[in-house]
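Beneath this line is the structure, given in structure tokens, with notes to follow.
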Amino acid sequence: ESVINRIAAGEVVQRPANGLKELIENSIDAKSTNIQIIVNAGGLKLLQIQDNGHGINRDDLAIVCERFTTSKLATFEDLSKISTYGFRGEALSSLSHVSYITITTRTMDTQCAYRAKYRDGKLAGDNPSPKPCAGNIGTIISVEDLFYNMPLRRKALTNPTEEFHRISDVVTKYSIHNDSLAFSLKKSGSTTLEVNSPSSATQRDRIRSFYGAAIERELLDVEDSCSDLEIKFNGVITNPNFSGKKLTFILFINNRLVDCNTLKHAIENLYAQYIPKHTHPFIYLSLSLLPQNVDVNIHPTKHEVRFLHEEAIVSYIERAVDKVLLTANT
Ligand code: ADP
Ligand code: MG
20 ESVINRIAAG EVVQRPANGL KELIENSIDA KSTNIQIIVN AGGLKLLQIQ
70 DNGHGINRDD LAIVCERFTT SKLATFEDLS KISTYGFRGE ALSSLSHVSY
120 ITITTRTMDT QCAYRAKYRD GKLAGDNPSP KPCAGNIGTI ISVEDLFYNM
170 PLRRKALTNP TEEFHRISDV VTKYSIHNDS LAFSLKKSGS TTLEVNSPSS
220 ATQRDRIRSF YGAAIERELL DVEDSCSDLE IKFNGVITNP NFSGKKLTFI
270 LFINNRLVDC NTLKHAIENL YAQYIPKHTH PFIYLSLSLL PQNVDVNIHP
320 TKHEVRFLHE EAIVSYIERA VDKVLLTANT
């Protein structure tokens with residue numbers, strides 16, 4: 020049974036960066052305003068996230084790593100209108116089957132924090148009850164030795180630098196999208212912050228510091244909504260005269276970082292009409308759809324999102340973006 024669980028868990032958590040994405044979403048769901056991440060060896064040795072959210076009750080610590088344990092669904096009907104990131108109750112469980120997890124957490128109602136260690140979905144050790152310890156309100160989750168029990172997977176992830184790059188990309192994008200929250204990322208043992216977004220840094224500050232002043236200077240705002248399609252969106256896009264070194268396309272749908280190739284290609288084609296040669300715009304779009312119209316049931320490994328009325332929505336966004344590009348060029 021544990022082998023089957025491990026294989027299933029390895030499907031959910033494919034590499035450090037997508038494990039981290041789930042952990043960041045949990046921290047945001049817990050209403051954190053400050054999220055600090057420390058990694059060692061591209062997250063393969065250590066992936067640690069500290070937040071100042073509402074914490075986990077001591078009594079829930081025994082079960083948080085069990086499969087389908089989620090505090091985010093009250094009834095089955097809720098499945099169709101999930102507005103928070105998580106709903107599957109699978110992230111912590113999966114991580115606990117392919118790494119060593121330690122959770123230190125404190126809620127508002129207690130004077131001390133509690134620490135618990137996990138193995139294969141359950142509290143680990145001979146005397147597994149959570150131990151009281153010092154700690155601030157919020158949660159620290161450490162994921163150590165990812166894929167220690169999946170030697171082939173571990174071997175395939177040969178490049179910690181590449182894994183770190185992917186982690187930094189995820190943190191950067193969540194920090195641009197959640198510009199009222201503070202984010203930081205550093206390598207363990209280092210004092211240098213690889214990502215540093217204090218809460219005072221605006222979205223444009225963040226884009227400038229990650230992607231450069233040349234891009235930030237060229238940004239145009241887009242914002243639109245359509246009651247027929249029940250969508251709203253906003254974002255920033257570079258002026259079509261500008262071309263960066265490569266395309267950056269950042270898309271959040273209902274606050275979740277996703278891929279949508281149809282939308283990406285539609286917008287690329289728009290830019291191509293302004294400058295026929297290859298242009299490489301920077302695009303950040305945040306789209307709100309009715310939760311029941313978005314397929315939240317996508318498997319974590321399928322990054323490509325599905326939603327109802329996709330064709331109509333894509334062409335609507337295309338037109339709204341084109342209007343902005345046109346205005347900027349007259
Ligand atoms: P889901 O997010 O789908 O509910 P997870 O496996 O990601 O499932 O998390 C399980 C549960 O653990 C969450 O529902 C939440 O109650 C709790 N939890 C996880 N991370 C945190 C955190 N950083 N702060 C507070 N609670 C958390
Ligand atoms: Mg979650």
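Take any residue in the sequence shown, note its place counting from 1, add 19, and you have its number in UniProt numbering.
In this text, a Cβ means the ideal position worked out from N, Cα and C, and glycines have one as well.
{"Item": "With DSSP as the reference, label Val-343 as helix, strand or coil.", "Value": "helix"}
{"Item": "Between Ile-269 and Leu-308, how many whole angstroms is the CB-CB distance? I'm expecting something under 8 Å.", "Value": "Between Leu-308 and Ile-269 the Cβ distance is about 17 Å, and since that is not below 8 Å, they are no contact."}
{"Item": "Quick one: residues in its chain with C-beta nearer than 7 Å to the C-beta of Thr-211, no 5 flanking neighbours on either side, listed in chain order?", "Value": "Lys-205"}
{"Item": "Is Ala-232 close to ligand 2? I mean its beta-carbon at under 7 Å from any heavy atom of the ligand.", "Value": "no"}
{"Item": "Would you give the residue range spanned by the beta strand (DSSP E) that residue 385 belongs to?", "Value": "Residue 385 is absent from the structure shown; the chain starts at 20 and stops at 349."}
{"Item": "Cutting at 6 Å between CB atoms, please list the residues of its own chain near Leu-266, excluding the five before and the five after it.", "Value": "His-299"}
{"Item": "So, with DSSP's three-state summary, where would you put Asn-71?", "Value": "coil"}
{"Item": "By the 10 Å Cβ neighbour count, where 16 or more other Cβ atoms means buried, how is Gln-222 classified, buried or exposed?", "Value": "buried"}
{"Item": "Which residues bound the alpha helix (DSSP H) around Ser-112?", "Value": "110-117"}
{"Item": "With a cut-off of 8 Å, do at least 3 Cβ pairs link the region 59-68 to the region 34-49?", "Value": "yes"}
{"Item": "Are the region 138-148 and the region 46-66 in contact at 8 Å, needing three or more beta carbon pairs?", "Value": "no"}
{"Item": "Let me check you understand the geometry: is the CB of Glu-337 closer than 7 Å to at least one non-hydrogen atom of ligand 2?", "Value": "no"}
{"Item": "Can you list, in chain order, the residues of its chain with a C-beta nearer than 7 Å to that of Ala-81? Leave out the 5 residues immediately preceding and following it.", "Value": "Leu-142"}
{"Item": "Can you say whether Ala-28 is buried or exposed, counting buried as having 16 or more other CB atoms within 10 angstroms of its CB?", "Value": "buried"}
{"Item": "Mark Gly-72 as exposed unless 16 or more other C-beta atoms lie within 10 angstroms of its C-beta, in which case mark it buried.", "Value": "buried"}
{"Item": "When the Cα of Phe-183 is compared with those of Ser-207, Leu-200, Val-31 and Asn-168, which residue comes out closest?", "Value": "Ser-207"}
{"Item": "Could you pull the DSSP bridge partners for Val-255 from this structure?", "Value": "Asp-240 and Tyr-303"}
{"Item": "Run the CB neighbour count on Leu-171, radius 10 Å, all protein chains shown included, and call it buried at 16 or more, exposed below.", "Value": "exposed"}
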